[in-house]
Structure formats: C-alpha cells, structure tokens
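*Asks:* Chains as they are written, first to last, in the numbering used here: chain A, 1 to 228; chain W, 1001 to 1228. I'd like to ask you about the structure that follows.
Number of protein chains: 2
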Amino acid sequence: MSIILFDLAGADPSLRFSPFCWRIRFALAHKGLPVETVPWRFTDHEAIAFSGQGRVPVIRDGEKTVFDSWTIAEYLEDRYPTPAIFGGSGGRSHAQFINAWADSVLLPGIVRFIIHDLFEIIAPQDQAYFRTSREQRLGRTLEQVQEGREDRLAAFRDLLQPIRLVLRRQPFLGGAAASYADHILAGTLMWPRCASRFELLDAADPVAGWFGQILDLYDGLGRQAKLP
Amino acid sequence: MSIILFDLAGADPSLRFSPFCWRIRFALAHKGLPVETVPWRFTDHEAIAFSGQGRVPVIRDGEKTVFDSWTIAEYLEDRYPTPAIFGGSGGRSHAQFINAWADSVLLPGIVRFIIHDLFEIIAPQDQAYFRTSREQRLGRTLEQVQEGREDRLAAFRDLLQPIRLVLRRQPFLGGAAASYADHILAGTLMWPRCASRFELLDAADPVAGWFGQILDLYDGLGRQAKLP
C-alpha cells in the first residue's frame, strides 16, 4: 500500500514546488517506498484537518498520520530503516544543523528571488491568502521583495559556500552517497526550480553540478518534475 | 604515551586561542586521550617542519604525524574509535557541513571583532607577520577591521540562528551528548573567548547556555583555559 503525501501544488496541479514536500519526496524515493501524492493548496484546510494542523507535508501511512518534514523523515527512518537516510545516530543529529541552516539561511535567501513568481503559479483561490500573509511577514509587497534580484544574485551565491567546501571533500553531503542532508538541500532548491524561471545557480558552480546529480537520482525524480 | 599537540600560543605561553587547535583539544578530551601541548607561534616554522607544512594543529602520536584539524579528527576516530566523536558514518559526513559552516561563516564573522585584540596578545616575534598577512587578506588595517564592532554585534548574532534552531530540538549538536560537531563550534568560540575580552555572545542566548555546558565538559577543560 502506498504512502499518501499531501503535496503543495500550483494552479496547474502537476506543479509541485514545496521545499519541505520535496525533502520527503526524495527521502521516500531513497527508501524505495511507493507514494501517492495528493495535490494540496494553501486554502485546502479541510483536506488535512485530520492531521490536527494546517501545513504540508502530511503523510498517511496506513492508519498513521505524520506531519512536519523533519518529523516525517525521522518516522520513515524508524519505520523503514533500510536503506538509511541518516546514516546512524550521529548522522541524524548532525542533519538537524543542515536542516536548520536550510530553513534559516537558504529559504529566506531564496524567497526574495521568487516570491512574485510563486504568486503567479499558485492556485487563484490561494492568491489573496498568499499575498496578505507573505507581505505581512516580509513587510513589503511581493513585487518590491522580488525587485532588483539580479543585483542580489552574487550575495545569494556566497551563502552557498559551506556546501561548496563540503563538495571539495566528498561528492554528496552524505559522503560517498546521498543522504537526507542532500534531500534537505536539494529539496530546498527544488522550490526555485519548480516555481520560477529565474536562474539562481551559476551552471559552473559545483553546487549546480551536485544538484544536477540529485535531480538524476531515483530514476530522475527531480529532473522529471514539471517546470513553470 | 601522550599525544603531542603543537598548539598556537600567545606572548603568554599559557594563552591558547586557536579555533582549530581547540577543536582537537575537545576531541582528545572526549576520547580520554592524554595530551601534551607544545606552545607554538606563527613564526616557529622549524618546530613543525617535520609535518611538511606550516600550520597548527599538528599532532604526533608515537611515530605518526597528522595535521589539519579535520584530518586529525578523522585520524583519532579511526585509531581510537571509542567513545566516538562522529557517531557513525553519517555523523562523520554530515559533520563536514558543520565544519565548513564554521570555517566559512563563523570564523570570518568573528575575525572582525577580535583581530586587533589578537594582535595585542600574540608573541612580539609574530606581530609583523600577523599584521602584514592579515591586512593583506582583509584589505584594511587591523584597527580599521575591528572598528565599530558594537554596531555589528546584532548582525553577527543573527548568523548563529542555525545553532539556536538545533538547540530547540536537542541539547547538543551531537544530539543527547556532545559530538565533534559541538567541538567544532565550541572550539571556534574559544577563539574570541581566549583572545579578547569583547563579549560576542549575549548571556541570555541559548548559544551561550550551550557553550557554557561545553566549557564545563571534560573536567572543565574549556572553563579553565587562561583568559586574556
């Protein structure tokens, strides 16, 4: 029986761009677990009310409901240990830092490049909620936040330096093979890839090379994702 | 037989402030390995010429010579596996990212607060080399780099946000107990602690609370370190 994943979708239901849902898509694929995704929109409160909260990813695995990407990753590792996504107890603990860095540095870094593009691809019924909540959080209009992004590109790319340093020593964040650390970062980069046509990465950047390898993993799961 | 560690020292040989050497001090203490430190100055080229390069930390373990903090940490884990500092293969791979973040974000973030304080505590014979090499690297005088540091404190403290997010979920970077990830970050913070009287951390910050716990580990190894 497949695991059900409630997965953020755009106006076009085949556009899937949530960085948190993508972390879980990669983790499920890594473990070879079949998944059935359910397109979900920000305003579909009722569809996931059974989870007791209002955000995706949410999974249903038989009778079990789990939400929050980190919690889902831990659930999957405990329930389906092989092949591992954390690489042991230290791998799990240390992946917390990579998750925290992605959430507190990478996501806020990316949002300023794609927020208006995001607005344009989400479902019409989500747009008012999205604009209001994001403009309140960011203190400016979506248009203002995204403005002048070309000039901010170099500073954004500097933020990726820790990834580059790791890739000098090993092919993946997980070492010789991809781990949940790679899923976290590549999942985060699926967000701009699937929501915007803006080229955030320099093709010559080792980070782009590594991301390309992740896109090709799991029968090209990331590569095949619909682009906007 | 003790492991010999060549350890960067100030004019006062009991002042030890290298962030890289501290990572190894903590790792050795974690493993309960006796160490004999040899105070070393930047210009003591001959003292570590046997290692084939010019920087510390360098360790001698019997006939074996190892340099570079990451390489030493791996050597220690392979040669003396218990108690582990990495927590398995995933822990080792993922610690690379934390090491890379410390080196590319934390160290450059800290240097601008303490570079002139550092200059004042290093050995007189090191000062000309230190000033020239650092001013060339930073493009300004040591005095200029450190200037106005109070105004930059909030921005620096923002950089620590990934650590704070991790500490909301677990007491140490390593999870329930300290690991080499904690040694990396605490070792990095020993640098400003042992080279400057400037208070980089807010005492109310969870990062300061965690750092205080690391200072108390290993019979108070960090706590007992000489302050400038």
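Backbone N, C-alpha and C define an ideal beta-carbon position, used for all residues, glycine too.
Counting only C-beta atoms, is serine 1093 of chain W closer than 7 Å to chain A at any point?
*Replies:* Chain A contact via Cβ: present.
*Asks:* Taking the alpha-carbon of glycine 1010 of chain W as reference, which of W:Phe1020, W:Arg1025, W:Pro1039 and W:Leu1153 has the nearest alpha-carbon?
*Replies:* Among W:Phe1020, W:Arg1025, W:Pro1039 and W:Leu1153, the Cα nearest to that of glycine 1010 of chain W is on W:Pro1039.
*Asks:* Any C-beta of chain W sitting closer than 7 Å to the C-beta of glycine 139 of chain A?
*Replies:* No, because no Cβ of chain W sits closer than 7 Å to the Cβ of glycine 139 of chain A.
*Asks:* In the DSSP assignment, find the beta strand (DSSP E) that holds glutamate 36 of chain A and state where it starts and stops.
*Replies:* Note, glutamate 36 of chain A: beta strand (DSSP E), 35–40.
*Asks:* Looking at C-beta atoms only, is the number of pairs between the stretch 1125–1135 of chain W and the stretch 126–146 of chain A that lie closer than 8 Å three or more?
*Replies:* In short, these stretches do not touch, since the Cβ pair count stays below three.
*Asks:* List the residues of chain A whose Cβ lies closer than 7 Å to the Cβ of isoleucine 1098 of chain W, in chain order.
*Replies:* The contacting residues are His94 and Phe97.
*Asks:* Alpha carbon to alpha carbon, how far is serine 93 of chain A from leucine 1106 of chain W?
*Replies:* Going by the C-alpha atoms only, they are around 20 Å apart.
*Asks:* Suppose the cutoff is 6 Å on Cβ atoms and the five residues either side in sequence are ignored; what does the same chain contact list for leucine 215 of chain A look like?
*Replies:* These residues qualify, in order along the chain: Gly222 and Arg223.
*Asks:* For a contact defined as C-beta to C-beta under 7 Å, what are the partners of tryptophan 101 of chain A on chain W?
*Replies:* Trp1101 and Pro1162, listed in chain order.
*Asks:* Since phenylalanine 50 of chain A and tyrosine 218 of chain A are thought to touch, with beta carbons under 8 Å apart, how far apart are those beta carbons, to the nearest angstrom?
*Replies:* Not a contact, Cβ separation roughly 28 Å.
*Asks:* How would you label tyrosine 1129 of chain W, buried or exposed, when you count the other beta carbons within 10 angstroms and need 16 or more for buried?
*Replies:* Its Cβ having fewer than 16 others within 10 Å, tyrosine 1129 of chain W is exposed.
*Asks:* Which of the three DSSP states, helix, strand or coil, is assigned to leucine 229 of chain A?
*Replies:* Residue 229 of chain A lies beyond the residue range present for chain A, which begins at 1 and ends at 228; the question has no answer from this structure.
*Asks:* For the alpha helix (DSSP H) that contains arginine 152 of chain A, what are its first and last residues?
*Replies:* Arginine 152 of chain A -> alpha helix (DSSP H) spans 149–159.
*Asks:* Going by the CB atoms, is the gap between proline 81 of chain A and serine 69 of chain A shorter than 7 Å?
*Replies:* No, Cβ-Cβ distance for serine 69 of chain A and proline 81 of chain A is not below 7 Å.
*Asks:* Based on the DSSP secondary-structure assignment, which residues constitute the bridge partners of aspartate 1061 of chain W?
*Replies:* In the DSSP output, where bridge partners are listed per residue, aspartate 1061 of chain W has W:Lys1064.
*Asks:* Could you tell me which chain W residues have their CB closer than 7 Å to the CB of arginine 234 of chain A, listed as they occur along the chain?
*Replies:* An answer regarding residue 234 of chain A cannot be provided, because it is not within the stretch 1 to 228 covered by chain A.
*Asks:* Scan the stretch 169–184 of chain A for residues whose Cβ lies nearer than 7 Å to a Cβ of chain W and list them as they occur along the chain.
*Replies:* Flagged, chain order: Arg169, Gln170, Leu173, Gly174, Gly175, Ser179 and Ala181.
*Asks:* Using the beta-carbon of each residue, which ones in chain W are nearer than 8 Å to glycine 87 of chain A?
*Replies:* The answer, in chain order, is Gly1088, Ser1089, Gly1090, Gly1091, Ser1093 and His1094.
*Asks:* Is it buried or exposed for histidine 45 of chain A, if we count other Cβ within 10 angstroms and need 16 for buried?
*Replies:* It is exposed - the Cβ of histidine 45 of chain A has fewer than 16 other Cβ atoms within 10 Å.
*Asks:* Out of A:Asp7, A:Pro13 and A:Asp12, point me to the one whose CA is closest to isoleucine 229 of chain A's CA.
*Replies:* Any question about residue 229 of chain A goes unanswered here, given that chain A covers just 1 to 228.
*Asks:* Excluding the 5 residues preceding and the 5 following leucine 1028 of chain W in the sequence, name in chain order all residues of the same chain whose CB lies nearer than 6 Å to its CB.
*Replies:* Contacts found: Val1035.
*Asks:* Between leucine 235 of chain A and chain W, is any beta-carbon pair separated by less than 7 Å?
*Replies:* This structure leaves residue 235 of chain A out entirely; chain A is present only between 1 and 228.
*Asks:* Find out if the Cβ-Cβ distance for the pair leucine 167 of chain A, proline 206 of chain A is shorter than 7 Å.
*Replies:* Closer than 7 Å, so yes.
*Asks:* May I ask which residues mark the beginning and end of the beta strand (DSSP E) holding leucine 227 of chain A?
*Replies:* Looking at the DSSP string, leucine 227 of chain A is not in any beta strand (DSSP E), and its letter there is neither H nor E.
*Asks:* At what residue ranges does the stretch 54–130 of chain A contain a whole run of the beta strand (DSSP E), taking only runs of 3 or more?
*Replies:* Runs found: 58–61 and 64–67.
*Asks:* Can you check which of these residues, A:Pro108, A:Phe119 and A:Ala195, is closest to alanine 155 of chain A by C-alpha distance?
*Replies:* Selected option, being the one with the closest Cα: A:Pro108.
*Asks:* Within the same chain, show all residues whose beta-carbon is closer than 6 Å to that of isoleucine 114 of chain A, passing over the 5 residues directly before and after it, in chain order.
*Replies:* Correct list, in chain order: Pro192, Ala195 and Ser196.
*Asks:* What residues from chain A crowd round valine 1105 of chain W, counting only those whose CB sits closer than 7 Å?
*Replies:* Ordered by position in chain A, the residues that pass the 7 Å Cβ test against valine 1105 of chain W are Pro162.
*Asks:* Note down the Cα distance separating arginine 164 of chain A from arginine 1112 of chain W, rounded to an integer number of angstroms.
*Replies:* Cα to Cα, arginine 164 of chain A sits roughly 23 Å from arginine 1112 of chain W.
*Asks:* Chain W partners of leucine 165 of chain A, CB-CB under 9 Å?
*Replies:* Chain W residues near leucine 165 of chain A: Gln1096, Phe1097, Asn1099, Ala1100, Trp1101, Asp1103 and Ser1104.
*Asks:* Taking DSSP's pairing of strands, which residues face alanine 9 of chain A in a bridge?
*Replies:* DSSP output for alanine 9 of chain A lists A:Arg16 as bridge partner(s).
*Asks:* Does DSSP put glycine 1175 of chain W in a helix, a strand or coil?
*Replies:* The answer is strand: DSSP assigns glycine 1175 of chain W an E or B state.
*Asks:* DSSP has isoleucine 1004 of chain W in a bridge; who is on the other side?
*Replies:* According to DSSP, isoleucine 1004 of chain W bridges with W:Glu1036 and W:Arg1060.
*Asks:* Could you tell me the distance, in whole angstroms, from the CA atom of glycine 209 of chain A to the CA atom of leucine 201 of chain A?
*Replies:* Going from the Cα of glycine 209 of chain A to the Cα of leucine 201 of chain A covers about 10 Å.
*Asks:* Kindly indicate which three-state DSSP category serine 1196 of chain W falls into: helix, strand or coil?
*Replies:* Serine 1196 of chain W falls in the coil class under three-state DSSP.
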